[in-house]
Amino acid sequence: MNRCARPVVRLATAIRHASQGTRTYVDSSLAENVKTDLKNVKKNSKKQKRSKVPRKNPITGEPIEPPSGKVEIKGHSVLLGARLRRSFLYVPAHNERFLEKALKSAADCIVFDLEDGVAPSEKKQARKNLKNLWERLATEGYRIGENQGADLCLRINHEGWLGPKQWEGPSKTIQAPSLEIDQDLDLLALRSVLKLGVNVVAPKVNFPYDIRNIRELVLQKQKAVVDPSRQIKRLEMIPTIETALATLNLGLFHSHAKQFSAMVFASEDYCASMGIPRTQDHSNMLFARSQLVHVCKASRNTPIDMVCQDFKDLSILEKECEEGVYLGFEGKQAIHPDQIETINRIFSPKIQEVEWAKALLEAVEKNKTDGAFEFEGKMVDRPVFRKAENILEISNRIEKFEKDKFVTKLEF
Ligand code: COA
Ligand code: MG
Numbered sequence: 001m002n003r004c005a006r007p008v009v010r011l012a013t014a015i016r017h018a019s020q021g022t023r024t025y026v027d028s029s030l031a032e033n034v035k036t037d038l039k040n041v042k043k044n045s046k047k048q049k050r051s052k053v054p055r056k057n058p059i060t061g062e063p064i065e066p067p068s069g070k071v072e073i074k075g076h077s078v079l080l081g082a083r084l085r086r087s088f089l090y091v092p093a094h095n096e097r098f099l100e101k102a103l104k105s106a107a108d109c110i111v112f113d114l115e116d117g118v119a120p121s122e123k124k125q126a127r128k129n130l131k132n133l134w135e136r137l138a139t140e141g142y143r144i145g146e147n148q149g150a151d152l153c154l155r156i157n158h159e160g161w162l163g164p165k166q167w168e169g170p171s172k173t174i175q176a177p178s179l180e181i182d183q184d185l186d187l188l189a190l191r192s193v194l195k196l197g198v199n200v201v202a203p204k205v206n207f208p209y210d211i212r213n214i215r216e217l218v219l220q221k222q223k224a225v226v227d228p229s230r231q232i233k234r235l236e237m238i239p240t241i242e243t244a245l246a247t248l249n250l251g252l253f254h255s256h257a258k259q260f261s262a263m264v265f266a267s268e269d270y271c272a273s274m275g276i277p278r279t280q281d282h283s284n285m286l287f288a289r290s291q292l293v294h295v296c297k298a299s300r301n302t303p304i305d306m307v308c309q310d311f312k313d314l315s316i317l318e319k320e321c322e323e324g325v326y327l328g329f330e331g332k333q334a335i336h337p338d339q340i341e342t343i344n345r346i347f348s349p350k351i352q353e354v355e356w357a358k359a360l361l362e363a364v365e366k367n368k369t370d371g372a373f374e375f376e377g378k379m380v381d382r383p384v385f386r387k388a389e390n391i392l393e394i395s396n397r398i399e400k401f402e403k404d405k406f407v408t409k410l411e412f
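Using UniProt numbering, read the sequence shown as starting at 1 and increasing by one per residue.
What follows is the structure, given as structure tokens:
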């Protein structure tokens, strides 16, 4: 979308995009989807409207009054050219059962883990499993019921990332700081990976040059296995911020924002690095989480929130997701397939938000103005129109993405 165009000019496109009607939510099983979810969402929203209990501020726990009985508009950030990464599912790669199951989940992003989810004694097996799986996907393709839309990522091991020298090999070439990392990065130089386009999640980075060096080294390795005339798919880097030092350096990451496309906040390691407990209200992590969101928003990268470890209680997850959206996160890490539906749902605009956005943009068009006017008892002006456009843009993007996510028939 041309961001410089005046809102009135963009209206027709925005409304056309949003006019397709129902939005699809796909659960881990292929058969369950759209209608039941839409009904539930409608039913829940009716319940919420009727309820006299005021909603709570997810951070402070204080009650907040919904604005004049109307739906509360979050105004999700626009996803400028970036992928949808609402749910970010970790899959410890030594476990073949998990690998199979992950491919059948509705995760927007599947992160094959070689780091902390895998015991040192299992790392070798984990690499072998990934090699086999990627070979199968690249040669035979995805099977019926598998999620072909998910962004595939590899979470590599880390070495404390001590400084630029750590990456220096003979005659100043870049080399991996350990054999373990070298083996992880070798995995990314497979032909299957080049075909599938697997991205990198870099844990515990402390400085932007860690990201640059990992990327350079992977590209170096990839170039060695392909025909030099062939272009290599863009390799996206996703650093995870999980130390006090990385949090302090978030400003530096902003200056190198072109090096990565999303950023992840990892609560457990952050709390360990700070020597603090992970409290129920998460207030002691607000500084780091909010800073990370600001860096991402200022640099058009996707901020991804912490894991909810209570994977058996979806009401806790739901509350955490609301809190994440409220802070500006655009997605959340998951550790279990059962968490995906809740995360995808809450990190998507609600039906009422989409309806509100359409009605507002229609009113703008009718009024033939992009200045301030009254809408549903409130003053609206350009920032509000932009919010409405963002909601429609995201909703439209989600609808398209969900439509083709799962393989329903095999193409020969
Ligand atoms: N990815 C893919 N599939 C998963 C999965 C995951 N992360 N976690 C569980 N599953 C699958 C199981 O294989 C099982 O499927 P099956 O019955 O068809 O075999 C199903 O989901 C239900 O699993 P369940 O029995 O409820 O969980 P579990 O006891 O097997 O595992 C955990 C629970 C927490 C140990 C497991 O979910 C896990 O290891 N998560 C990832 C942890 C991680 O990556 N940590 C590092 C990042 S923070
Ligand atoms: Mg961690």
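Built from N, CA and C at the ideal position, the CB exists for glycine as well.
Since the structure is predicted, the reported quantities are computational estimates derived from the model, not experimental observations.
### Query
Are there 16 or more other CB atoms within 10 angstroms of the CB of Glu-374, so buried, or fewer, so exposed?
exposed
### Message
Please state the DSSP three-state secondary structure of Gly-275.
### Response
coil
### Query
Comparing the CB of residue 414 with every heavy atom of ligand 2, is any distance shorter than 7 Å?
Nothing in the structure corresponds to residue 414, since the chain is present only between 1 and 412.
### Message
Taking 7 Å as the cut-off, is the C-beta of Val-307 nearer than that to any heavy atom in ligand 1?
### Response
yes
### Task
Check the C-beta distance from Ala-189 over to Ala-224 and give it rounded, since I have them as a contact under 8 Å.
7 Å
### Task
Find out if the Cβ-Cβ distance for the pair Tyr-209, Glu-242 is shorter than 8 Å.
no
#### Entry: Tyr-142 - containing beta strand (DSSP E), residue span
First-last for Tyr-142: undefined, no H or E at that position.
### Query
Which residues in the same chain have their Cβ closer than 7 Å to the Cβ of Leu-99, if we skip the five residues on either side of it in sequence?
Val-91, Ala-93, Asn-129 and Leu-133
### Three-state class that DSSP yields for Lys-35 in the structure shown
For Lys-35, the pLDDT reaches just 42, beneath the cut-off of 50, and the residue's location in the model is therefore unreliable, although a value from the coordinates is still provided. Three-state result, Lys-35: helix.
### Message
Can you give me the C-alpha to C-alpha distance between Gly-69 and Glu-318, rounded to a whole angstrom?
### Response
Per-residue confidence for Gly-69 stands at a pLDDT of 39, beneath the threshold of 50, marking its modelled position as unreliable; the derived number appears in the next sentence. Each residue's alpha carbon lies about 22 Å from the other.
### Task
Compute the Euclidean distance between the alpha carbons of Met-263 and Ile-238, then round it to the nearest angstrom.
5 Å
### Query
Just to check, is the beta-carbon of Pro-203 closer than 7 Å to a non-hydrogen atom of ligand 2?
yes
### Task
For Arg-155, write down the residues that DSSP places opposite it in a beta bridge.
Asp-113 and Val-201
### Message
Between which residues of its own chain and Leu-410 is the CB-CB distance below 7 Å, once the five residues before and five after are set aside?
### Response
Ile-144
### Message
In the DSSP output, what is Glu-168 paired with across the bridge?
### Response
Ile-174
### heavy atom of ligand 3 below 7 Å from Glu-168 C-beta
Ligands displayed in this structure: ligand 1 and ligand 2; ligand 3 is not among them.
### Query
Ser-87 lies in the beta strand (DSSP E); which residues open and close that run?
87-92
### Query
So, are the CB atoms of Val-118 and Ala-126 less than 8 Å apart?
yes
### Query
Is it the case that the CB of Glu-180 approaches a heavy atom of ligand 2 more closely than 7 Å?
no
### Query
First and last residue of the beta strand (DSSP E) that includes Phe-265?
262-265
### Message
Using C-beta distances below 6 Å, list every residue in its chain close to Ala-31, excluding the 5 sequence neighbours before and after it, in chain order.
### Response
Residue placement at Ala-31 is flagged as unreliable, the pLDDT there being 35, under the threshold of 50; a coordinate-derived value is accordingly withheld.
### Task
Specify, as a first and last residue, the run of the beta strand (DSSP E) that Glu-374 falls within.
373-375
### Message
Can you find the residues in the same chain that come closer than 8 Å, C-beta to C-beta, to Ile-110, ignoring five residues on each side of it along the sequence?
### Response
Leu-89, Val-91, Ala-102, Leu-103, Asn-147, Ala-150, Asp-151, Leu-152 and Cys-153
### Message
Starting from Thr-302, trace the beta strand (DSSP E) in both directions and tell me its first and last residue.
### Response
302-305
### Message
Please tell me whether, using a cut-off of 7 Å, the distance from the CB of Ala-266 to the nearest non-hydrogen atom of ligand 2 is below it.
### Response
yes
### Message
At the level of alpha carbons, what is the spacing between Val-325 and Arg-85?
### Response
13 Å
### Query
Can you tell which of Lys-233, Gln-280, Glu-216 and Pro-303 has the C-alpha that lies nearest to the C-alpha of Leu-250?
Pro-303
### Task
Please confirm whether any heavy atom of ligand 2 lies closer than 7 Å to the CB of Asp-116.
yes
### Pairwise C-alpha distance: Lys-403 and residue 415
As shown, the chain starts at 1 and ends at 412. That puts residue 415 outside it, with no answer to give.
#### Entry: Beta-carbon proximity check, Ala-246 vs Ser-299, cutoff 8 Å
no
#### Entry: Selected residue, minimal CA-CA separation from Lys-233, among Val-200, Asp-313 and Lys-195
Lys-195
### Message
Please return the same chain residues whose Cβ sits closer than 7 Å to the Cβ of Leu-327, not counting the five positions on each side in sequence.
### Response
Arg-289, Ser-290 and Val-293
#### Entry: Contacting residues, own chain, Cβ-Cβ under 7 Å from Met-285 (five flanking each side not counted)
Ser-267 and Tyr-270
#### Entry: Three-state secondary structure (DSSP) of Asn-95
coil
### Message
Here's a check: name, in chain order, each residue in its chain whose Cβ is nearer than 6 Å to the Cβ of Phe-347, leaving out the five neighbours to either side.
### Response
Arg-86 and Gly-331
### Message
Once DSSP output is grouped into helix, strand and coil, what is the label at Ala-126?
### Response
helix
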